[in-house]
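Participant: Residues in the sequence shown are numbered consecutively from 0, following numbering that gives the first Met the number 0.
Ideal Cβ positions, reconstructed from N, Cα and C, are used throughout, including at glycine.
Quantities reported herein were computed from a predicted structural model and do not represent experimental measurements.
My structure is below; once you've seen it, I'll send some questions.
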Amino acid sequence: MPKIDLNLDKLKTEREEIQAFLSEPNAYSSPDFSAKNKRFTELEKIIEKGEMRENLEKNLEEARELA
0 MPKIDLNLDK
10 LKTEREEIQA
20 FLSEPNAYSS
30 PDFSAKNKRF
40 TELEKIIEKG
50 EMRENLEKNL
60 EEARELA
C-alpha cells in the first residue's frame, strides 16, 4: 500500500495562521475571508484524519511487537 506523506506540522502551522486571521475583528470584511474560511475547514478535516492515521499506525506497530 502506498504511503501518503502528510506533513502535519506544516498543516497545523497553516491552520494556526488562518485561525489567527479569522479571529481578527475585521476578518469578515476581507476579500480573502471566504477562501480562508474554506481552507481552514479543509485543514481541520485533513489534520483530524492525519492524527487518526498516526494513532492507528502506532497501535498497529505496538500490536506487531506484542505478536
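1) With a cut-off of 8 Å on the beta carbons, I'd call Ile46 and Leu7 a contact; round off their distance for me.
2) Quick one: what does DSSP say Ala66 is sitting in, helix, strand or coil?
3) How many Å lie between Tyr27 and Ser33 at the Cα?
4) For Arg52 and Leu65, what's the separation of their Cα atoms in angstroms?
5) Give the single residue among Leu5, Glu56, Arg38 and Asn25 whose Cα lies nearest to the Cα of Glu15.
Facilitator: Inspection of the coordinates gives the following:
1) 6 Å
2) coil
3) 8 Å
4) 20 Å
5) Arg38
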